[in-house]
Amino acid sequence: MAANEKVDVVIVGAGASGSVYAAVMAKQGKKVVVLEQGPDWQLSDLISSDIWGRRVKPAGGPFTLEGRNPVSYGFQGGWGVGGAALHYFANFPRLLPNDFKIKSEHGRAQDWPISYQDVAPYYDKVARDVGVSGDARAEEIWRPAGQPYPMPPMKTFRNGQVWLKGFEAVGIRMVPAAVGMNSTDYKGRPACIYDGWCHVGCPIGALANPLVTYLADAKKAGAEVRPSSTVTRVLTNSQGSRVTGVEYYDHKKERQVQEASVVVLAAWAAQNPRMLLNSATDKHAKGLANSNGLVGKYMMTHFSSGTFAIFDEDVENHMGTTGAQYMSYDRYGKTSHKEGFGSSFIIAGAALKTSGLGGFANARLDLFGADLQAFMKRAARGFTRIAAFGEELPNIENRIELVSDKDEFGMPLAKIIHNYDKDAEAVWDAKGSTGNYRIDF
Amino acid sequence: MSPIERRDFMKGAATGALAFTVGGVEVFLTTREARAQNVPFRLLKAGEAETIEALGETLVPGARAAGIAHFIDQQLSVPPGEALFEARILNVRPPYANFYRAAIGAVDKASQTLNSGRRFAQLNPSEQHDFVDTMRQNKIQGWQGPGGSFVYLVLRSDAVDVVYGTVEGYEALGIPYMPHIAPDKRW
Chain A
1 MAANEKVDVV IVGAGASGSV YAAVMAKQGK KVVVLEQGPD WQLSDLISSD IWGRRVKPAG
61 GPFTLEGRNP VSYGFQGGWG VGGAALHYFA NFPRLLPNDF KIKSEHGRAQ DWPISYQDVA
121 PYYDKVARDV GVSGDARAEE IWRPAGQPYP MPPMKTFRNG QVWLKGFEAV GIRMVPAAVG
181 MNSTDYKGRP ACIYDGWCHV GCPIGALANP LVTYLADAKK AGAEVRPSST VTRVLTNSQG
241 SRVTGVEYYD HKKERQVQEA SVVVLAAWAA QNPRMLLNSA TDKHAKGLAN SNGLVGKYMM
301 THFSSGTFAI FDEDVENHMG TTGAQYMSYD RYGKTSHKEG FGSSFIIAGA ALKTSGLGGF
361 ANARLDLFGA DLQAFMKRAA RGFTRIAAFG EELPNIENRI ELVSDKDEFG MPLAKIIHNY
421 DKDAEAVWDA KGSTGNYRID F
Chain B
442 MSPIERRDFM KGAATGALAF TVGGVEVFLT TREARAQNVP FRLLKAGEAE TIEALGETLV
502 PGARAAGIAH FIDQQLSVPP GEALFEARIL NVRPPYANFY RAAIGAVDKA SQTLNSGRRF
562 AQLNPSEQHD FVDTMRQNKI QGWQGPGGSF VYLVLRSDAV DVVYGTVEGY EALGIPYMPH
622 IAPDKRW
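So this is what it looks like as structure tokens:
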């Protein structure tokens, strides 16, 4: 085992959150090491292909998925430096004030100990840091006023514009979507060229991924990123009173210890509890930071419900961005849907490619053979979609648990158990998922 | 990625080609080229490849010639972290060969049970269509293996990839492929 010099901070995960911690603390003069399980991706690795783009996504799971509504993290998850934010769609919606007071306003779930007003300045700061395009004034029909976005809204295409008349007819107001992409050159990064490959990674840095934002800042300030480093345990002193660092396996699969004054777990919502639960000692028999038994509990996600259409005109569905062109909070009130409790958020306009889970071949999963062939020809230029995202409330039964099987480093694998409650399912159905083709895993 | 790995990766990615072994030498070919040249399979047995090709062709016409069996075979032979097929996104647990072997085995066993001992590849196109339609709805009695609808999803995704997910596939549909700025400046 090689000796590693003790550092001020070790961060586990080089994705959306880990890169922010790294940048902030490295700029403060702290000695920072970031440990990332996957490869060291560069912008030039981000190939415009749904097939090749899978290299930046998780490779099979250390997690088995259970429950009626499995958390299918493989499409959104990350693998390597940059994490999921290397290939995210870069939609930047905000929580609204009503999200912070659900308990006091509706007697459901819990209130946050902070308010929207506490968070709002940081939304504005991040928008400036990474570069967000949008129209803040237009959004302020739903939220308190804040600062304008640093760039004007993105260009729109027929695949988004074609829906506007219909939304207007049912009283749903659509405004330019806030996205972490450059509508103009910004901070030395070029403007978007709208070729619709955001979902496999933007190699020009027009989309605000960690490689061109916080992680770049962190490295410039002296942070060290170690790819292919799999953290298995958080280590504590003999009294169990203080964290001392982490155990990890390096690119040669050799065990290493990185001591640090502060440990930040920034992997992801399931991997963080997996590490904590695997860090049990005689002083922390249930796992680290788990005296209340809540580590791994209340796993949360949200559903997405798509509505598809084929128009007679060419809607340029290969053009634009994978994220949204338009968005609406008009059904965001917790009681907006008579069918069930919870917010929903609507978007319209997205570039669509042929293959991959989000490709239009999967819009009609029931079709195959000659029927699929005919559909693909019809959909090639006229196909587009809208989507709604829905809320679920915290449920202690949605959880991560270690299992007996182990990975190559002897770390127990884990399972994610997840079911939507009746409210979430009702809102889901209200958003048009009824009749969708469902897959039994 | 190490520089050497990246160079190999880029060489293939730029053309949509994968590394195949021909005469002991590793060459970059598209899966269509690999099939046309009858490149030996690395892991799949002949019967398994035959079933995959028959399933692929039933799911997406053109998948056989586009090299679906060579695509799957090549992906099964590389480390899971480098695999490019949809199985990794669908949380199939590596080694992926276990899933494919179980899926192919389930298809052929069910086909033989329902069709007087004939494997799936031995059915006529109409029978193959009806079998797949029943399988995707999880309605095959006595099915043994990964869920029929999941097998359908994974194999259909592979077939869609090789037929529609390539530059050729986009051209066939009349869709501009519009690759991003060519990421080859480092080389």
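Line by line, the protein sequences are chains A and B. Going by the numbering used here, the final residue of the first sequence carries number 441, and the count climbs one at a time with no gaps. Going by the numbering used here, the final residue of the second sequence carries number 628, and the count climbs one at a time with no gaps. Virtual Cβ for every residue (Gly too), placed ideally from N, Cα, C.
I want to verify the contact list: residues of chain A whose CB lies under 8 Å from the CB of residue i, in sequence order.
| i | result |
| --- | --- |
| residue 619 of chain B | 48, 195, 196, 197, 318, 319 |
| residue 499 of chain B | 368, 369 |
Using the beta-carbon count (16 or more within 10 Å), is residue i buried or exposed?
| i | result |
| --- | --- |
| residue 300 of chain A | exposed |
| residue 539 of chain B | exposed |
| residue 144 of chain A | exposed |
| residue 350 of chain A | buried |
| residue 239 of chain A | exposed |
| residue 482 of chain A | Given a span of 1 to 441 for chain A in the structure shown, any question on residue 482 of chain A remains unanswerable. |
| residue 122 of chain A | exposed |
| residue 220 of chain A | exposed |
| residue 305 of chain A | buried |
| residue 374 of chain A | exposed |
| residue 270 of chain A | buried |
| residue 115 of chain A | exposed |
| residue 117 of chain A | exposed |
| residue 442 of chain B | Because the pLDDT at residue 442 of chain B is just 48, under 50, the model does not fix this residue reliably, and the value given afterwards should be weighed accordingly. Buried, by the Cβ-count rule. |
| residue 294 of chain A | exposed |
| residue 616 of chain B | buried |
Check residue i in the structure and name its three-state DSSP category.
| i | result |
| --- | --- |
| residue 609 of chain B | helix |
| residue 435 of chain A | Residue placement at residue 435 of chain A cannot be trusted, given a pLDDT of 40 that sits under 50; what the coordinates show is reported in the next sentence. If DSSP states are grouped into helix, strand and coil, residue 435 of chain A belongs with coil. |
| residue 421 of chain A | coil |
| residue 12 of chain A | strand |
| residue 243 of chain A | strand |
| residue 382 of chain A | helix |
| residue 154 of chain A | coil |
| residue 400 of chain A | strand |
| residue 224 of chain A | strand |
| residue 5 of chain A | coil |
| residue 205 of chain A | coil |
| residue 366 of chain A | coil |
| residue 486 of chain B | coil |
| residue 173 of chain A | coil |
| residue 132 of chain A | coil |
| residue 194 of chain A | coil |
| residue 181 of chain A | strand |
| residue 19 of chain A | helix |
I want to check one thing, is the minimum distance from the CB of residue i to the heavy atoms of the ligand MG below 6 Å?
| i | result |
| --- | --- |
| residue 80 of chain A | Annotation note on the ligand MG: not contained in the displayed structure, which lists no ligands. |
So residue i and residue j are supposed to be a Cβ contact under 8 Å. How far apart are they, rounded?
| i | j | result |
| --- | --- | --- |
| residue 182 of chain A | residue 320 of chain A | Their Cβ separation, rounded to whole angstroms, is 14 Å, which puts residue 182 of chain A and residue 320 of chain A out of contact at 8 Å. |
| residue 67 of chain A | residue 347 of chain A | Actually they are not in contact, since the Cβ atoms of residue 67 of chain A and residue 347 of chain A sit about 26 Å apart, beyond 8 Å. |
| residue 21 of chain A | residue 243 of chain A | With a Cβ gap of about 15 Å, residue 21 of chain A and residue 243 of chain A do not count as contacting. |
| residue 78 of chain A | residue 86 of chain A | 6 Å |
| residue 334 of chain A | residue 102 of chain A | 7 Å |
| residue 213 of chain A | residue 81 of chain A | That belief does not hold up - the Cβ atoms of residue 213 of chain A and residue 81 of chain A are roughly 13 Å apart, past 8 Å. |
| residue 528 of chain B | residue 595 of chain B | 6 Å |
| residue 27 of chain A | residue 185 of chain A | Not a contact, Cβ separation roughly 24 Å. |
| residue 606 of chain B | residue 50 of chain A | 5 Å |
| residue 247 of chain A | residue 257 of chain A | 6 Å |
| residue 74 of chain A | residue 15 of chain A | Contact doesn't hold; Cβ gap of about 15 Å is too wide. |
| residue 600 of chain B | residue 519 of chain B | The Cβ separation is near 20 Å, so there is no contact. |
Report the neighbours of residue i on chain B: residues whose CB is nearer than 8 Å to its CB, in chain order.
| i | result |
| --- | --- |
| residue 364 of chain A | Going along chain B, no residue has its Cβ under 8 Å from residue 364 of chain A, so there is no contact; the nearest lies around 11 Å. |
| residue 468 of chain A | Nothing about residue 468 of chain A can be read from this structure; chain A reaches only from 1 to 441. |
| residue 377 of chain A | 614 |
| residue 150 of chain A | None at all; the shortest Cβ gap to chain B is about 23 Å. |
| residue 229 of chain A | The premise fails here: residue 229 of chain A is roughly 14 Å from chain B at the closest Cβ pair, so nothing lies under 8 Å. |
| residue 343 of chain A | Those do not exist, as residue 343 of chain A stays about 28 Å from chain B at its closest Cβ, beyond 8 Å. |
| residue 72 of chain A | 531, 532 |
Can you pull the chain A neighbours of residue i, defined as C-beta to C-beta under 7 Å?
| i | result |
| --- | --- |
| residue 611 of chain B | 354 |
Anything in chain B within Cβ reach of residue i, meaning under 7 Å, just list it in chain order.
| i | result |
| --- | --- |
| residue 361 of chain A | 601, 605 |
| residue 402 of chain A | Ordered by position in chain B, no residue passes the 7 Å Cβ test against residue 402 of chain A, which lies about 16 Å from the chain. |
| residue 55 of chain A | 523, 525 |
| residue 380 of chain A | 614, 615, 616 |
| residue 75 of chain A | 530 |
| residue 51 of chain A | 525, 602, 606 |
Which residues of chain A have a Cβ atom closer than 9 Å to the Cβ of residue i, listed in chain order?
| i | result |
| --- | --- |
| residue 509 of chain B | Those within 9 Å of residue 509 of chain B in chain A number zero; the least Cβ separation is about 12 Å. |
| residue 573 of chain B | 368, 369 |
| residue 502 of chain B | 369, 370, 372, 373 |
Could you work out which residues of chain B lie near residue i, taking near to mean beta carbons separated by less than 9 Å?
| i | result |
| --- | --- |
| residue 357 of chain A | 527, 530, 531, 598 |
Uninterrupted beta strand (DSSP E) stretches inside the region 47-119 of chain A (no shorter than 3 residues): For the region 47-119 of chain A, whole beta strand (DSSP E) runs of length 3 or above, ordered along the chain, are 63-66.
Every unbroken beta strand (DSSP E) inside the region 307-362 of chain A [3 residues or more]: The beta strand (DSSP E) runs of length 3 or more contained entirely in the region 307-362 of chain A are, from start to end of the chain, 326-328, 344-348.
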